[in-house]
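No gaps in the numbering here: position 55 of the sequence shown is 55 in full-length UniProt numbering, and each next residue is one more.
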Amino acid sequence: MDLRVAAPASVAAAARRGALGCARVRPLQGRRQCRPSVRVSVATTESAAAAAAVAVSVDEDAETTNPRTVVAVILGGGAGTRLFPLTKRRAKPAVPIGGAYRLIDVPMSNCINSGINKVYVLTQFNSASLNRHLSRAYNFSNGVGFGDGFVEVLAATQRPGSEGKRWFQGTADAVRQFAWLFDDAKSKDIEDVLILSGDHLYRMDYMDFVQSHRQRDAGISICCLPIDDSRASDFGLMKIDDTGRVISFSEKPRGADLKAMQVDTTLLGLPKEEAEKKPYIASMGVYIFKKEILLNLLRWRFPTANDFGSEIIPAAAREINVKAYLFNDYWEDIGTIKSFFEANLALAEQPSKFSFYDASKPMYTSRRNLPPSMISGSKITDSIISHGCFLDKCRVEHSVVGIRSRIGSNVHLKDTVMLGADFYETDAERGDQLAEGKVPIGIGENTSIQNCIIDKNARIGKNVTIANAEGVQESDRTSEGFHIRSGITVVLKNSVIADGLVI
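Here is the structure:
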């Protein structure tokens, strides 16, 4: 049996063992300060001089690597239409992932592990659950202690004047509407602004990115991925010169336009053999701006531009030093139902491309105080079972089972992402519901489910079959408690699937 039980770190637990005070040996004010070590990156290139200019070896002195001079802005305000119906009642960064986490935990944890303790989260649509999660997991005023840091949720608001009577129009507009915060007294020491997305899955030390940005005297730095021919047309691509400066952009090019965007990725530190296989670089949507440059671009140079990636950065590259920074590791944009489904199931593979299990750089989430899962007479293979679950004489294959899940006897779960439940029903409550012909939370006995996402608090009855045997690609069956998106059945949050239903 290959069984992994998810046990995410809580911020409070990290504080008790000193993880927040010395995250990635970055000094934090008001805590024990660790002496930074020297980090060296070695690039194999045909031009040693070009490599030295781009693949930066870092001597971390306190003046250039102090994380207190960096503020992170996490963008979480999008409507998340491509992730519907998971975003029907929650913001995209609040969507659960990996059995016990939410998408927002990824950039938040990366910030903590990088020593960055000043974070703004911009929200707009369905933000109640996101706000609740952030206040529970990252409330540094509750005795956890985090130096002079903060996590502040900034909701889209309407203000006096014609420009203030509209919601966020894009990534740049969202930051522009709260640009006045960077003039505040507590931002006086801020030198750089790190712009992050709330719907990506990856693990990254942002201070390495900041260090490269500063050593290369960049006004803007863009984090990018090396991409091969098969995927290049799915991304916005960039072209660089011999120093790593970005000189042109192209959004999802094809044919001759695609070939024109090829670059020598050894200039960014990629080994020659790998560089030949991946001759393109794609933006991750992760940026660093010098604070003064960001404010000038938003307020004066491009006061009506709404988006960083498609408007402000391409235009600014003609007059500002915009540098590319290579991130050659796992990264996934969780922007669609299909990518969400595949990224979750990939966590259960052996070996997995990404893992939440890293003691030195943990992924944090809210503390729930749930008991260990109880598994009785069940067969589980290549799956993740989160805490607080009850599995009784069932079979689970290549699936992710979220917190507080209940799976009845003789249930077969395959290629399924089960998001779990927000609360428990007592045995007495479950007995009463069954006696009244109702369906309790969880999956009833003799049910078979595959290729499915089951949202929170779903009630799936006995003898149900969910397999999409007809191969339907898109279908809105809200009245019956589910949707089909990209061929994947999505059981809606709080929905009821009646006994014996075949989907």
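No residue lacks a Cβ here, since even glycine has one placed at the ideal position from N, Cα and C.
Model, not experiment: these values are computed from the prediction.
8 angstroms contact criterion, which residue i and residue j should meet: CB distance rounded
i: GLY444; j: ILE460; result: 6 angstroms
i: ALA282; j: CYS223; result: 10 angstroms between Cβ atoms; not a contact.
i: ASP228; j: SER114; result: The Cβ separation is near 28 angstroms, so there is no contact.
i: MET363; j: SER109; result: 5 angstroms
i: SER197; j: PHE209; result: Not a contact, Cβ separation roughly 14 angstroms.
i: SER250; j: ASP257; result: 6 angstroms
i: ASP148; j: ARG68; result: 7 angstroms
i: TYR330; j: PHE302; result: In fact, because the Cβ distance is near 33 angstroms, the residues do not count as touching under 8 angstroms.
Proximity to residue i [Cα-Cα], best of the options
i: PHE84; options: ILE503, ASP499, GLY500 and HIS483; result: HIS483
i: THR465; options: THR243, LEU501 and ASP427; result: LEU501
i: ALA359; options: LEU103, ARG203, LYS186 and ALA91; result: ARG203
i: ASN139; options: PHE125, ALA275 and VAL119; result: VAL119
i: ASN468; options: ASP455, THR478, SER479 and SER448; result: SER448
i: VAL417; options: ARG89, ARG90, GLY98 and ARG68; result: GLY98
i: HIS213; options: ASN117, ASP192 and ALA317; result: ASP192
i: ALA155; options: ASN126, ALA137, ILE454 and ASP234; result: ASN126
i: GLY408; options: ASN344, PRO253, ALA498 and ILE375; result: ILE375
i: VAL70; options: PHE178, VAL106, LEU181 and MET207; result: MET207
i: THR336; options: ALA315, ILE453, PHE302 and TYR101; result: ILE453
i: THR265; options: HIS200, GLY244 and ALA256; result: GLY244
i: THR304; options: TRP180, ARG176 and LYS493; result: ARG176
i: ASN463; options: GLU349, ASP499, LYS493 and GLY149; result: ASP499
i: LEU201; options: GLU332, CYS111, ALA72 and ASP173; result: GLU332
i: GLY236; options: MET284, VAL73 and GLU276; result: MET284
i: GLN215; options: VAL322, LYS88, GLU349 and ARG477; result: VAL322
i: LYS361; options: ASP189, GLU276, ASP105 and ARG318; result: ASP105
i: LEU181; options: ARG254, GLY255, LYS291 and ARG430; result: LYS291
i: GLN211; options: LYS393, PHE150 and ASN66; result: ASN66
i: VAL73; options: LYS259, ARG89, ILE190 and SER129; result: ILE190
i: GLY471; options: PHE340, SER479, THR489 and THR478; result: THR489
i: SER475; options: ILE503, LYS493 and ASN494; result: ILE503
i: LEU326; options: SER495, MET238 and ASP217; result: MET238
Own chain partners of residue i with C-beta closer than 6 angstroms, once the 5 adjacent residues on each side are dropped
i: GLU397; result: THR381 and LYS414
i: THR171; result: LEU75, ASP307 and PHE308
i: PRO279; result: GLN262
i: GLY487; result: GLN473
i: ASN410; result: GLU445 and ASN446
i: GLU46; result: Confidence in GLU46 is poor, its pLDDT being 38 and thus under 50, which makes the residue's placement unreliable; the coordinate value appears in the next sentence. Once the five neighbours on either side are set aside, GLU46 has no close Cβ partner at all.
i: VAL95; result: LEU86 and LEU103
i: ARG16; result: Low per-residue confidence applies at ARG16: pLDDT is 44, beneath 50, and the placement is therefore not dependable, though the value from the model is reported in the following sentence. Once the five neighbours on either side are set aside, ARG16 has no close Cβ partner at all.
i: SER399; result: SER383, LEU413 and THR416
i: ILE240; result: VAL246, VAL263 and ALA324
i: GLN450; result: LYS414, ASP415 and ALA467
i: ASN131; result: VAL153
i: ALA62; result: Below a pLDDT of 50, predicted positions are generally treated as unreliable, and ALA62, at 40, falls in that range; the measurement from the model is reported next regardless. Hits under 6 angstroms: none found.
i: ARG35; result: In this predicted model, ARG35 has a pLDDT of only 33, less than 50, meaning its place in the structure is not dependable enough to derive any value.
i: ILE293; result: GLY219
i: ARG90; result: ASN126 and SER129
Same chain only: Cβ atoms within 8 angstroms of residue i, ignoring 5 sequence neighbours per side
i: ALA421; result: GLY402, ILE403, ARG404, SER405, ARG406, ILE441, GLY442, LYS456 and ASN457
i: VAL491; result: CYS452, ILE453, ILE454, ASP455, ALA458, ILE460, ILE466, GLY481, PHE482 and ILE497
i: TYR287; result: LEU194, ILE195, ILE220, SER221, ILE222, CYS223, PHE308 and ILE313
i: GLN169; result: ASN306
Residue(s) in a DSSP beta bridge with residue i
i: ARG483; result: Here the sequence assigns His to residue 483, which means Arg is not the residue at that position. According to DSSP, which records beta bridges pairwise, HIS483 is partnered with ASP476 and VAL490.
i: LYS323; result: SER221 and ARG245
i: residue 504; result: Coverage of the chain is limited to positions 1 through 503, which leaves residue 504 absent and any answer about it impossible.
i: ARG395; result: LYS379 and HIS412
i: PHE390; result: MET374 and ARG406
i: ILE74; result: VAL121 and LEU196
i: TYR330; result: Partner(s): none; TYR330 has no beta bridge.
i: ILE239; result: In the sequence under discussion, the amino acid at residue 239 is Lys, which differs from the Ile named in the question. For LYS239, which the question treats as bridged, DSSP gives the partners SER248.
i: ILE443; result: ILE407 and ILE460
i: ILE97; result: TYR101
i: LEU434; result: LEU434 is not bridged to any residue.
i: THR465; result: SER448 and VAL502
i: GLU152; result: TYR120
i: LYS290; result: ASP192
i: SER233; result: DSSP lists no partner for SER233.
i: ALA282; result: LEU225 and LEU237
i: LEU201; result: GLU332
i: VAL496; result: ARG459
Cβ-based neighbour list, residue i, same chain, cut-off 7 angstroms, excluding 5 preceding and 5 following
i: ASP234; result: LYS252
i: ARG231; result: none
i: TYR357; result: none
For this session: Determine contact between the segment 269–283 and the segment 292–303, defined as no fewer than three beta-carbon pairs at a distance below 8 angstroms.
Result: no
Exercise. Pairing CB atoms from the segment 302–314 with CB atoms from the segment 183–191, are three or more of them under 8 angstroms?
Worked result: no
For this session: Pair every Cβ in the segment 108–128 with every Cβ in the segment 422–433, then say whether three or more of these pairs are closer than 8 angstroms.
Result: no
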